[in-house]
Every structure is written in C-alpha cells, then in structure tokens.
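Going down the list, the protein sequences come from chains A and B. When the count follows my numbering, it moves up by one through the first sequence with no breaks and lands on 361 for the last residue. When the count follows my numbering, it moves up by one through the second sequence with no breaks and lands on 1310 for the last residue. C-beta atoms are modelled at their ideal positions from N, C-alpha and C, and glycine is treated no differently.
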Amino acid sequence: MKRPRLHLREAPLPGGQPLAFAIGLTIALFVGTLLLLGAGHDPVRIYSRMFEASLGSPDAWAVTLNRAVPLGLAGLAVAVAGSMGLWNIGAEGQIMAGAIAASWVARIGGDWPGLVLIVAMLLAALGGGGLLAVGPAIARARLGVNEIITTLMLNEVAIRLAQWLIHGPWKDPGAHNFPLAPMLPDQARLPTLFSRAHCGLLIAVAVIVISSLAVRYTAWGYELRIAGSSEATARYSGISLSRKILTVLVISGGIAGLAGGVELTGTADRLTESISNGFGFAGIIVAALALMRPSGVAVVALLFGAVQIGGQSIQTLGVSSSVSTILQAFVLFGAIGAGVFSRYRILLDGEARAVPEEVNQ
Amino acid sequence: MNEASLIGLLVATVSFGALLYLAALGELLAEKAGVLNLGVEGMMAIGAVTAFIAGVELENPWAALVVAMISGAALASVHGFFTVALGAEQVVSGLSLTILGIGLAAYLGKDYVGLPPGAKLEPVQWGGLSDLPWVGPIFFNQAPLVYLALVMGVAVSLVLSNTRLGLALRAAGESASSTDSAGHSVLGLRLSAVAAGGALAGASGAYLTLSLTPQWAEGLTAGRGWIAVALVIFGAWRPGRVAWGALLFGGTLALKTRLQTFGVDFSPIILSMLPYLLTLAILLAISVRSRKRPSPSPTALGLAYRREER
C-alpha cells in the first residue's frame, strides 16, 4: 500500500495564503450549514443576515471596523514578534495591562482637555502593555526562558489584576455595590469618523503601516527577519540577538497594550474584566493567517472581524453564539490545513522525489 | 478557623488537586512526546459537557466517564492530525482547539443548561478508613476520579520511565529523527500521546460535571485548563512533582472561596494569581540552574517532524 506523505515545495504556491483563508471559510460555511440545519434554522436566512450585519451597510461596516481595530493591533503585536520567530501569546494580558494603564490616566486626568487626556491614555496603554512584556523579554533574552509560557502565564495575572482593581480599589462607589469601575470622563472618548466607527481605525492603520514599513524596509527590520530565519546567520552578521529579542518583545507588548487603550477609549465605557475579550488569542490566529507579515494583518483582521460581528448578529435570530465560535474555529483549522498544503505537496511512496533538504523548523 | 472548616479546606484541596492533576498528566504525556497542546481548556470543556449529557441520557456515571474520555481523545486528535500529521504550528492549532472545544461544548450543551444531573460519581467508602479522624474525610471519602488520578499518575510515571513504549515516547520528544531511525513511528507515538492526553483532559472535565459541580453551564472549566498547562512546567515534566504541584495549586483554588470564612483579610483574586506567579518563578529557577544542568523540557517540544526534512 502506498502511504501519502508531505513534501516541501520549493516555493509556496503563489496566492496560497488567501486561498487557504478562502478554503477555511468554505469549510466553515459548510460545517456551519450542517450545525444550523441540525438546530432547525434556515442557513440561507442566517448567512444573509450575517453578511448584512457585518458588511451590508455603512453602519455594519462601522461595527465591523471597530472590531477589526483591536484584532488588527493584537495581530500586529503577535506578527512583529513572529517576524523574529518569537511567540507573544500574552497579547490578551497586554491588552488588559494597556486598558488598566489608560484607565489609571483617566482617573488622575479627569479634568484634562480631551486631546491631552486621550493622547496620554494611549501612551500609557502603550507603556502598560510594554511593561507586562518586559519580564518575558528579559527572561528570554538573558536566560533563554521560553516566551510562550511566560507570556501565557502573565495573561492570567493581568486579567486577575483588572478583576482585583474593579472589585477593590477602583470600585465605583456610585455603582450600588456592583463591582464596576467608574465611567470614563466624556472627553476621554475617541471621536467618531462615520456612523459608530471611531478614530481608532486611523491609529490602527497608521501603526500597521509604520510597522510593516519598518519590518520590510529598515535595517532594523532586515536584522529582525534575519534573526527570525536563522539565529546562526544573525550571530555571524554581528546582530545582538538578546538586545533584539528584548526590544521586539517589548514593542510587541506595547502594540497589544495600545489595542487595549484604543478599545477602552473607543468602544468601552469603563474598564471591565472582559475588555480584552479574547482579542489577544484571536490576534495570534490573525497573525498566523497573515503568515506573520505585518502587512497582511489588516486584511485578515477585517475578515475575521466580519465573521465575529456576523456571528454575534445572528443571536437575535435565536442562533446560539456557540455556532459562531465553532465557525471561527473551523475557519482557523481549514486555513491551517490549507496553508500546509500550499507549502507542501502530497507524494505517494515510491514516487521519485527531490533530495531531502535541511529545513530548520 | 475551626477543625471542620480546616478539614473542608483539605478535602477540597485534594479534590481540586486531582482535577488539575488529570488534565496536567494528559498535557505531560503529549509534551513528553514533543507536542505542546494549548487546547486543554477546550478538551476539558468537551469532557465536562459530554459526561453530563451521557449522564443524563444513559444514567450511568461510568459510561459517562468513558464517553467523556473518548470525546476528549477525539478532540485532541484534531490537534494531533494538524500538528503531527500535517506539521502545522502547534501553538496556533492548540489555541484554535481551545476555541473549537469551548464552542462545541456550548453548542452540544445548550439544551442541558441547568438540568439536574442524570448520574453522579459518588464518593468511595473505604470501610473503617473513611471513619478515621482527619485522614478519613481527606483521603478516604473522595470521588472515584481522585483515585483514578492517583492510579494514572503512577501508571504514567511507570510507563514513561520503565517501559520500551515510554522510552520511545520520550525519545520522540527529545529527538524525532533518531527515534525514526531506531524504527519507531514518530507519527504513531505522537498521535497516541496526544489522544491519550485528550482522554485524560476529558476525564478531568468529567470530574467537574459528575462530581464537583454536578451540572452544566458554559464557562464551567473557568481557566483550569491553563493551570494544567502551567502545572506541567511547574512539575518540570515529572509526574511525581506535578502531583505535588497539583496539590499546591488545588489548595489555592480551595482556599479562594474560603478566605472570608477563615476571617483572612486577603483578596481571593490576588490569591488566584499565585499558581501562575509560582510557575513563572519555577521557570526562572529552572533556566538559571540549567546553565549547569540540562533543562527538563523535552528538546523537540513544539517542533514538527517530517522525515523528508531530516
């Protein structure tokens, strides 16, 4: 019997990744149809509602774009670290840290003028997220401690820190004993662009463009990519790896923190335990689908945001929110699988194949 | 703090410890074979919901446990297929598995929210032993899954260190290419380890809905899957040390709801950070020490293996 096996293509299939995403989406739609039929819903009606609610009108676009902003920034955070082969699994916590830092500024600067307050909050968010990444960054750069686990652990710590603040020192005395942080001052709200879409979109696009250019065209970015593809090459070229790791992880944390700040000033009224809302984990997936290229993050974030918003909208039709969660998971697995096939070809044993090449995974 | 509440704390410590231990053992097996599975939370959720549904439908707790373990293994095999067979990135696939598991659990369980359990695993009575002061309630009046966790811990430990299978499994996690050269199937070893890990995570989830909190609600696993991931590192990939870690972390879970009754003025939320902070501390200690000694982490952890790329 011939056993199928995977063989690395000399170059990935052109257009492989968009195709992978499309295949993932198709698989998800197919599975979703089965789930919807299983629950006694009309799939055509549900899917058209999903489309209308996410991309069918300017108002729908506004909501989707507002969702794409934290997804894109979180995805960018992961992708910046990923360009160097580092995994920042801590975006979820860094988003929280950013939101906490921004709320702190709002607490002390409640009477500052709007522009000053918002800028100060966003800078604090950047710092807060970066601060949470400093520990893992130093541990990885100096001691070689795996950043996957350290950043993952700090997620749980940051979320509990927010819980503690909301239940304790920052509890709003006017909230009738409910564990709620006080509302943000009115001037701390990001102005809107159109409909409900807020200026966070401009911030996110700017940060994504700057980061893409920096990674692709600057000497700094070039060194980053070399370090990501081969540590040995980086060492021979005299690149200081530990310094690079340190700066990249802290920048990555800062960008994730900024996502928290933008989410706070853009869509939330106050700091809540759920403000990071899974954006950090979704960001990992966004970055992976964008093949860790900062430039691809924006498109993936927009599509992913549309899937999420569409999924939320059908809850009013009585469809359980779990269907949309499952759909997201199938988009992911479909895309992961299709991504593998864009880089590998399937061979049957006995077929002639090229000389095995050394690949550093 | 009186005697009864202290005993209550210790009973809960052992219960929660066993819950965490089952899931952590599963993660340990997968990691020993070289596969990081960040889908523990999703596998626990699937185990919890399928155990509850099977309990209601079959009215037999043991059948429910088996269903949960098979479901956990099946879900884990999705991760196994993508990461081991296709060589996809383990971190991304594992996180996707968490999303899939939590979503599927919510979908499957939506008609069972708030229902009374159809079957429960009642505490095991050990005759006179169960009547002993202190030791009786703490160790000899626990749910069957506590003893299952203990047995599995000993079994995993013995298999890993004393059998050819265990040697091959560890080899697959240290150096896949030499395991392959030695004639073992890296694919088979890793897939089985991941599936077995899923079965254990499923059992851990079943423990929740069959004994600890015998009902189903979304979000029932409450982040305990992440603690299990942390435990494996905390215990330096050794089943014995992971067991002590499980008791310690189980203790923090047990203490969390009891601080107020003990009259301790300390935030339970801050307390619940402890497992993660301790894991970070251990991780640092391991790496400082591993400058002299080799790191306990499996060398090939997280790396895909394809024969052509050897």
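Does the Cβ of residue i lie closer than 7 Å to at least one heavy atom of the ligand SAM?
i	result
residue 156 (chain A)	With respect to the ligand SAM, the structure shown offers nothing to examine, as it has no ligands at all.
Can you tell me whether residue i is buried or exposed? The criterion is at least 16 other CB atoms within 10 Å of its CB, across all chains shown.
i	result
residue 15 (chain A)	exposed
residue 1162 (chain B)	exposed
residue 361 (chain A)	Because the pLDDT at residue 361 (chain A) is just 39, under 50, the model does not fix this residue reliably, and the point stays unresolved.
residue 1234 (chain B)	buried
residue 198 (chain A)	buried
residue 105 (chain A)	buried
residue 1013 (chain B)	buried
residue 328 (chain A)	buried
residue 1263 (chain B)	exposed
residue 1184 (chain B)	buried
residue 265 (chain A)	buried
residue 177 (chain A)	exposed
residue 38 (chain A)	exposed
residue 1209 (chain B)	buried
residue 235 (chain A)	exposed
residue 220 (chain A)	exposed
residue 1145 (chain B)	buried
residue 423 (chain A)	With chain A running from 1 to 361 in the structure shown, residue 423 (chain A) is simply not present.
residue 66 (chain A)	buried
residue 149 (chain A)	buried
residue 30 (chain A)	exposed
residue 1002 (chain B)	exposed
residue 1266 (chain B)	exposed
residue 191 (chain A)	exposed
residue 1222 (chain B)	exposed
Based on the DSSP output, what are the partners of residue i in its beta bridges?
i	result
residue 345 (chain A)	A:7
Counting only C-beta atoms, is residue i closer than 8 Å to chain B at any point?
i	result
residue 125 (chain A)	no
residue 164 (chain A)	yes
residue 92 (chain A)	no
residue 195 (chain A)	no
residue 328 (chain A)	yes
residue 145 (chain A)	yes
residue 295 (chain A)	no
residue 86 (chain A)	no
residue 246 (chain A)	no
residue 16 (chain A)	no
residue 183 (chain A)	no
Report the three-state DSSP secondary structure of residue i (helix, strand or coil).
i	result
residue 193 (chain A)	strand
residue 198 (chain A)	strand
residue 94 (chain A)	helix
residue 247 (chain A)	helix
residue 1256 (chain B)	helix
residue 265 (chain A)	helix
residue 1122 (chain B)	coil
residue 1142 (chain B)	coil
residue 1174 (chain B)	helix
residue 218 (chain A)	coil
residue 1238 (chain B)	coil
residue 1299 (chain B)	coil
residue 1232 (chain B)	helix
residue 274 (chain A)	coil
residue 1152 (chain B)	helix
residue 153 (chain A)	helix
residue 1179 (chain B)	helix
residue 351 (chain A)	Confidence in residue 351 (chain A) is poor, its pLDDT being 49 and thus under 50, which makes the residue's placement unreliable; the coordinate value appears in the next sentence. Note: residue 351 (chain A) maps to coil in three-state DSSP.
residue 1332 (chain B)	Examination of residue 1332 (chain B) is not possible in this model, given that chain B is present from 1001 through 1310 alone.
residue 184 (chain A)	coil
Counting only C-beta atoms, is residue i closer than 8 Å to chain A at any point?
i	result
residue 1077 (chain B)	no
residue 1112 (chain B)	no
residue 1092 (chain B)	yes
residue 1276 (chain B)	yes
residue 1249 (chain B)	no
residue 1288 (chain B)	yes
residue 1174 (chain B)	no
residue 1235 (chain B)	no
residue 1273 (chain B)	yes
residue 1317 (chain B)	There is simply no residue 1317 (chain B) to check, as chain B begins at 1001 and stops at 1310 in what is shown.
Kindly provide the ranges of any beta strand (DSSP E) runs that are 3 or more residues long and lie completely inside the segment 1026-1113 of chain B, ordered along the chain. none
For a minimum of 4 consecutive residues, which ranges assigned as the alpha helix (DSSP H) are wholly contained in the segment 101-135 of chain A? none
Could you tell me which whole alpha helix (DSSP H) segments of length 4 or greater appear in the segment 4-74 of chain A? 16-38 and 43-55
Length-filtered (4 minimum) alpha helix (DSSP H) runs lying within the segment 313-342 of chain A: none
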